[in-house]
Every structure is written in C-alpha cells, then in structure tokens.
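Take a look at the structure set out below.
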Amino acid sequence: MNDTVLVLSIASAVVTATPVLFAALGEIIANRAGVMNLGVEGMMLIGAVVGFWGGRATGSLIFALIVGGLAGMALALVHALLAVTLGVDQTVSGLSLVIVGSGLSAFIGTAGDPPLLSAANGVDVHPLLPQALRDLPGVGPILLGHDIVVYLGVLAVALASYYLYRTPAGLSLRAVGEDPAAADAAGLNVTVIRYAATAVGGFGAGIGGAYLTLAISGTWQNGLTAGMGWIAVALVILAGWRPWLGLLGALAFGVLNGLSFTLQLAEVDVIPSDFLKMTPFVGAFVVVVLVSASPSRARRVAAPAALAKPYSREAR
Amino acid sequence: MTSGATARPHNRMSRGISGRIKVTPRGFGGPFVRFGIPVAALFVALLLGALILLAAGDNPVDAYRTMFDASLSGPTAWARTLALATPLILTGLAAAVAFQMRVYNIGAEGQLYIGAIAASGVGLALPEATPMVLMLGAMLIVGAMAGALWAGLAAVPKALFDADEIITTLMLNFVALSLMNYLIFGSQTFWRDPQRVVPGGKRLPESAIMPAISGRMHIGILVAVASAVIIWWLLARTSWGFTVRTIGDSKPAARYAGMSVKKQILIVLALSGALAGIAGVSEVSGVTKGLEPRSLATDIGFTGIIVAVVARSNALGVVPVSVFLAAIATSGSRLQSIGIQVEVVLLLQGLIFLTVTAGEYFVTNKVSLAPRMHAAVPADDPVPTSREPSTASIEAQASEPDALVPEQVAT
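Sequences listed follow chains A and B, in order. Numbers given in the numbering used here equal positions in the first sequence, counted from 1, plus 8. Numbers given in the numbering used here equal positions in the second sequence, counted from 1, plus 24.
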C-alpha cells in the first residue's frame with residue numbers, strides 16, 4: 009500500500025511543508041517580539057544559495073543548513089538595524105529585504121567559477137531511519153521515511169512552543185511584542201530581545217531556503233523559492249502566531265502545492281497544470297480573507313499588540 | 025511613509041556612541057533634505073555595489089562606465105532606457121498612490137499581467153480596420169479597468185474586514201502569472217497564435233500597436249508622463265488628494281473629520297491597479313505586440329515599488345527615478361560583454377532600495393556631531409513636539425484593530 013497515490017502524496021507534502029515550516033516558525037518568533045519582517049522570501053533565497061554553496065564545499069547537510077541559516081540571519085540583522093534601531097517603516101524595510109535577497113542571491117549564484125547556478129548538488133540527503141521502519145505500511149513513508157531535517161522541523165515546533173509559553177525568556181519575548189513600554193519598565197532590554205528574535209527569524213528562513221535547494225530541488229535557480237517565503241508570512245497569520253498551528257498550516261500548504269503531483273499520480277488530467285500551480289496562492293488568499301472576516305475576537309487577540317511598531321523609550 | 029513617520033528620536037543610541045553624535049527629530053525636512061537624502065542614498069548604494077564588484081574580482085569603474093554608455097550616452101541608448109522607464113513610471117505611480125495612504129499594493133506585477141491580457145484581448149477582438157485612436161483608447165480603458173478590478177479583489181476584503189492587503193495583493197500576482205501562462209502555454213486560447221511552433225501570442229494588428237517615437241521608445245512614454253502629472257495634480261491640488269493624505273497620516277483623525285476610510289481604500293487601490301493595468305497595456309501594445317508571458321513577466325511591478333520608495337511617493341519624482349532605474353536595468357545585458365554578470369543589476373536595485381529605506385531615518389532625524397558638554401546632559405533633546413502628527417499616525421496604526429470594532433458595530 010506504500011505506493012498508493014494517497015501515501016505518496018502525503019509523504020511528499022510532508023517534505024514540501026518543511027522549508028515553509030522553518031520560515032514560518034522563524035517569523036512567528038520575530039512577530040512575537042513585535043518585529044514584522046516581510047523579507048522572508050529574500051532571506052530564504054539567500055539561505056538557499058549560501059546553503060547550496062556550503063553543501064558543495066563540505067558535503068555536509070548540517071553544515072550547509074547552518075551556513076544557510078546564518079546567511080538568512082545576516083540579512084535579518086539588516087532589517088533589525090532598519091526597523092528596531094532606526095525605526096523606519098517595517099513594511100518597506102521588509103520589502104527591501106526581498107529585493108536585496110533576490111538580487112544578492114542571483115549575484116552569488118553566478119559569481120563563482122564554476123557558478124552555483126545549475127551546478128550539481130554537493131549533499132546526499134538520505135532517510136534517517138532504517139529500511140525496515142520505512143517499509144511499514146502507511147506510516148512508513150508518511151512518518152518514518154524522511155531525512156533528519158523533517159524531524160528537526162517538528163522538534164523546532166515543539167521547542168518554539170515550549171520556549172514561548174513555558175519559559176521566562178519566552179514570556180519576556182512575548183511581553184516585548186505585546187507591550188514594549190511595560191516590558192522596558194520591568195527591566196527587559198527591548199532592543200536586544202527584538203534583535204535576537206529577528207535574528208532567529210532570519211535563521212529559520214535561511215534553513216528553510218537551504219533545505220529547499222539541498223533536499224527538494226537539488227539545484228540552485230534564481231528566484232527558486234517562487235513565493236514560498238510569502239506563503240510562510242501568510243501562514244503566520246493563519247496560525248494565529250502559534251507554532252503548532254503553523255505546523256498544520258505548513259502541511260496544508262504541502263498538500264496544495266503537491267496537488268499537480270498527486271493528480272498526475274492518480275492519472276487524473278482534467279485540471280490544467282497552470283491552475284493547479286495557483287492553488288497554494290489562492291488558498292493563502294482565501295485563508296487570509298477568511299481569518300480577517302471571522303467575527304470572533306480571537307484573531308485580534310492573537311496578533312502581538314505591538315507588531316510592526318517601533319519602540320523608543322523617549323517617544324512614549 | 026511619505027512623512028517617514030515611523031522614525032523616532034533615539035537619544036539612547038546617541039549616548040551609546042560615546043555621546044558624540046546628537047540625534048534630534050526634525051518634523052519634516054526642507055526640500056534639500058527630502059530630495060537630497062534619497063539622492064545621497066543612491067550614491068551610497070552605487071558605492072556598496074562597487075565594493076561587492078571588487079570583492080567578486082570585477083572592476084567597478086569599468087562596470088559603471090559600461091552601464092553609463094549602454095543606457096545614457098547617445099540617442100539609441102536613451103530610447104532604450106526611456107522604453108523601459110515607461111512601464112516603471114506607471115507601476116511606480118501605482119505603488120506611490122497607495123503609499124500616500126499607507127496602503128501597500130504589492131500586486132502591480134499581477135495587475136500589469138491582467139491589464140496586458142485584457143488589452144491584447146481587445147486589440148485582437150476589434151476589427152483590424154478600427155482607427156488607431158479608437159483602438160488604443162479602448163485598449164487603455166479596458167486594460168485600466170481590468171487592472172483596477174484585479175486590485176479590487178484585494179481592496180474589497182481590505183475595506184470590509186481589514187484583510188492584510190500586502191499578502192492578498194501579493195498572492196494575486198502568482199494567480200495572474202499562472203493565468204497568463206495558461207492562456208499561452210497551457211491551452212489553445214484566443215490569445216495564442218496557432219501557427220507558431222513555440223507557443224506565443226497572436227500578433228496585434230497595426231492599429232493596436234503604439235507607434236514608435238525613436239528606436240524602442242514608443243508613445244507609451246507620453247501616457248506615462250501624463251499619468252504622472254495627473255496623479256501629482258490629484259494628490260497635491262485636489263480635496264480628494266487631501267483626503268488621501270490625511271488618511272495616510274492618521275485614520276482616526278480622518279474618520280473624525282468625516283472621511284470614509286473604506287471608500288478611499290477602494291478608490292485608491294482601484295486607481296493603483298488601473299495604473300498598473302495601463303503599464304500592461306503599454307507593454308503589450310508598444311513592446312511585445314502580442315501576449316508574450318516571458319517578456320511581460322520581468323518584475324516591472326516589483327521594481328515599481330522601489331521606484332515609489334526612492335521617489336518618496338512623489339508622483340513627479342517617480343519619472344526621473346524610473347529613468348534612473350531603467351538605465352541600470354537596460355545596461356545589464358551590455359555588462360556581459362565585459363565579463364560581468366547581468367545579476368549586478370538586481371543587486372544594485374536591492375542595494376538602492378535598502379540604502380534609501382535607511383536614508384528615511386535621516387530625513388526625519390537630524391544627526392550631527394555634538395559637543396561633549398551638551399551630550400552629557402541626558403535631557404538635552406527637546407520633547408519632540410514637532411512630531412506630534414506622525415506620532416499620532418503610529419498610534420493610529422496601533423489602535424487600528426480596535427478602531428475597527430465600533431465601526432463594524434455601527435454598520
């Protein structure tokens with residue numbers, strides 16, 4: 009039963025969900041501290057190209073993910089400088105990150121000799137668990153057949169959730185995102201916490217991008233993320249800034265994104281592929297509208313109160 | 025963002041840097057500050073680009089000289105640059121109009137595609153013998169309406185539920201792109217030329233093609249510049265423009281004054297979409313001369329956002345900024361002849377966006393070297409009274425979800 013359409017498409021959805029999950033988790037952390045970073049797409053791209061380089065240079069998946077994450081973090085710190093220290097419009101600053109990320113990644117991709125563009129993957133991504141477990145019916149391919157990064161993604165969700173809701177540091181972070189003035193009065197360093205949260209956000213996006221090139225596409229192409237970073241931003245709203253709901257949302261994206269693959273497997277050929285490509289974006293559009301239109305006050309409570317608002321002690 | 029309202033005084037930072045740098049808010053700098061700083065930021069971006077080129081082992085002087093020669097020296101080069109500046113002016117205006125009200129239309133890219141689809145549809149559907157004036161007029165009107173309607177898909181949920189227009193307009197870009205690809209690559213539609221082996225659009229009849237002025241430059245540039253003047257006049261000289269700018273500064277204040285924020289969201293996003301739609305008309309009629317997805321999908325909509333930011337949402341400023349960014353973009357292909365990657369163009373656009381955004385801080389804050397004696401006094405900086413309006417606008421954004429509640433109850 010392991011090669012049925014259902015099992016294969018769910019298994020592939022889990023893999024596709026992973027880069028978006030890392031990016032969305034990072035954005036949740038940044039948002040929770042009150043920093044809106046719309047530059048996820050750019051940070052993923054820079055993470056993707058640098059991660060791909062790291063993979064070719066060392067052959068190590070973990071090293072590649074870490075350098076990819078650090079590259080995303082470096083770009084995120086630029087946003088922190090603009091948004092936290094200089095207090096410029098966070099929307100504009102985030103958008104500038106998208107353009108810088110796509111420009112810089114395209115430049116890096118063609119700068120080397122031989123260029124990374126269309127080069128072979130330096131990393132061999134293989135399943136973590138032994139063959140016997142992976143052959144179990146149903147759960148084998150869906151849950152047990154993945155590489156280590158997929159499981160790290162789930163672990164990261166658990167850690168992020170624990171951190172945000174069960175640790176003093178997580179409480180501090182949320183306090184800074186809800187009411188920076190009160191947090192400041194309580195002795196928390198708003199600037200440092202916001203920088204750190206933004207950096208973590210960039211690290212998540214960078215890892216997501218690196219995983220995308222190393223494990224999913226296997227090559228670097230300009231603009232490889234094709235909107236995944238924006239899906240991650242939408243996902244954060246959908247998840248109401250909660251990590252576990254982010255995991256669910258990422259899986260839903262994985263399923264929608266894999267729809268053309270699924271229908272191909274099922275030999276259903278009624279919907280043109282161009283329309284299938286639209287589905288994740290139509291889905292994100294509809295979900296954002298529905299969440300906004302929901303009459304409950306839940307969504308208004310969910311968004312960090314000080315999101316996208318710069319804080320300055322003197323300007324209160 | 026026109027008033028750069030989000031920048032705040034930062035005395036703490038000044039103390040951090042050994043008390044030598046003094047930062048004081050200036051409510052709204054004079055023209056020298058408002059236009060000089062973005063220009064200075066452009067040079068900083070070019071400098072950063074030069075450093076990156078050096079690091080990559082290229083000669084930045086050669087690179088910039090080649091770029092200048094390819095885009096700004098001689099009539100042919102100018103024609104090429106102005107041809108590319110044409111759609112950038114229009115998408116730049118699309119972004120700028122929305123920015124004026126602090127609404128973010130990131131969907132000009134998709135609105136451009138939809139405008140191009142609609143206009144080429146009109147051009148192919150009307151009889152070839154239709155007089156050019158009527159033909160082009162019909163294409164412009166239908167293209168603008170199509171772009172406005174596409175933007176409306178995001179504007180209506182924004183007005184009704186405050187659905188985040190950044191996300192919704194952006195998602196619609198991907199939908200529009202897939203739709204355009206479907207019309208040419210995924211099916212045998214009205215737009216596709218059945219004769220061609222490689223999928224491509226049917227060529228528009230002569231009467232539907234904007235006449236060339238010189239080289240690649242076509243009369244679309246006149247449409248673009250006229251649009252800039254009209255938008256400038258609407259925003260700066262009419263009561264409607266005042267309404268839009270007031271809402272941009274403070275939504276609660278605008279509501280208090282009896283202005284309908286919801287109505288203006290619909291109007292402004294529709295106008296923004298219409299401008300992007302016209303950019304699509306201009307491209308399909310003056311450049312590609314048929315619906316050609318690959319040639320149309322060249323990030324003109326996204327570059328329009330950079331244009332608007334660099335021009336600080338000033339409709340007249342959009343024109344020279346578009347020419348500048350078009351000059352950079354057109355010169356990319358020439359760089360390859362001296363062994364430098366085309367990607368430098370993308371890199372420079374990103375750096376420009378970044379430095380100009382950072383420059384916004386210096387537009388709203390005066391940074392100067394202060395004598396030690398003064399800086400040592402913590403209460404040195406005056407209370408920023410001059411910044412009250414912008415502070416109010418931040419508070420306005422802050423209280424927006426709550427501010428929406430009573431209004432929803434009322435309706």
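Idealized CB from N, CA, C, for every residue including glycine. This structure is a prediction, so every number in the text was calculated from the model and none was measured.
Three or more Cβ pairs drawn from the segment 368 to 388 of chain B and the segment 59 to 68 of chain B lie within less than 8 Å of each other, which places the two stretches in contact. As computed with DSSP, V47(B) is found in a beta bridge with V391(B). Contact between the segment 310 to 320 of chain A and the segment 255 to 265 of chain A is absent, with fewer than three C-beta pairs closer than 8 Å.
Q124(B) counts as buried, since at least 16 other C-beta atoms from the protein chains shown sit within 10 angstroms of its C-beta. Put simply, the backbone Cα of R142(A) is about 9 Å away from that of P135(A).
In this structure, DSSP gives A101(B) a helical state, which the three-state scheme calls helix. Using a Cβ-Cβ cut-off of 9 Å, I330(B) counts as an interface residue toward chain A, since at least one Cβ of chain A sits closer than that to its own.
Here DSSP, grouped into helix, strand and coil, assigns H87(A) to helix.
Looking at the DSSP output, W238(A) shares a beta bridge with no other residue.
If you ignore the 5 residues before and after G356(B), its C-beta comes within less than 6 Å of the C-beta of V366 and V369, all in its own chain and listed in chain order.
Looking at the DSSP output, S238(B) bridges to M241(B). Using a Cβ distance threshold of 9 Å, V146(B) and V166(B) count as a contacting pair. Within the segment 249 to 282 of chain A, complete alpha helix (DSSP H) segments of at least 4 residues are found at 251 to 265 and 267 to 273, given in chain order.
Membership of Q135(B) in the alpha helix (DSSP H) is indicated by the continuous run A132 to A149. Y137(B) has its alpha-carbon roughly 28 Å from the corresponding atom of Q98(A). If you draw a 10 Å sphere on the C-beta of E307(B), you find 16 or more other C-beta atoms in it, and that means buried. When Cβ-Cβ separations below 9 Å define contact, Y206(B) makes contact with chain A.
Under a criterion of Cβ atoms nearer than 8 Å, the residues of chain B adjacent to A292(A) are, in order, I191 and M195. Here R216(B) carries a strand assignment [DSSP, helix/strand/coil].
When DSSP states are grouped into helix, strand and coil, L125(A) belongs to the strand group. Bounds of the alpha helix (DSSP H) holding L164(B) are M156 to F185. Fully enclosed alpha helix (DSSP H) runs of no fewer than 4 residues occupy 342 to 354, 356 to 359 and 368 to 388 of the segment 336 to 390 of chain B, in order along the chain. The beta carbon of L196(B) sits closer than 7 Å to those of G131, G134, W174, L177 and A178, all from its chain and outside the five residues before and after it, given in chain order.
Assignment of G42(A) by DSSP, reduced to helix, strand and coil, places it in the coil class.
Residue environment for P27(A): buried (at least 16 other C-beta atoms within 10 angstroms of its C-beta). When C-beta distances to chain B are compared with 7 Å, the residues of the segment 221 to 240 of chain A below that value are G235 and W238, in chain order. About 15 Å separates the beta carbons of G328(B) and A168(B), which is beyond the 8 Å limit, so they are not a contact pair.
Less than 9 Å separates the beta-carbon of G139(B) from that of A300(B).
Residues of chain A whose Cβ lies closer than 7 Å to the Cβ of L371(B) are, in chain order, G111, L112 and F115. Near chain B, meaning a CB-to-CB distance below 7 Å, the residues of the segment 244 to 268 of chain A are I245.
Among the CB atoms of chain B, one or more fall inside 9 Å of the CB of I107(A). By the Cβ criterion, the segment 49 to 60 of chain A is in contact with the segment 211 to 223 of chain A, since at least three pairs of Cβ atoms, one from each stretch, lie closer than 8 Å. Boundaries cannot be given for M283(B), as no alpha helix (DSSP H) includes it and DSSP labels it neither H nor E.
Judged by their CB atoms, V297(A) and P55(B) are not nearer to each other than the 9 Å cut-off. Taking C-beta atoms as the reference points, I116(A) and L124(A) count as a pair closer than 9 Å. Here A353(B) has L108 and V369 as same chain residues with Cβ atoms under 7 Å from its own Cβ, once five neighbours each way along the sequence are excluded.
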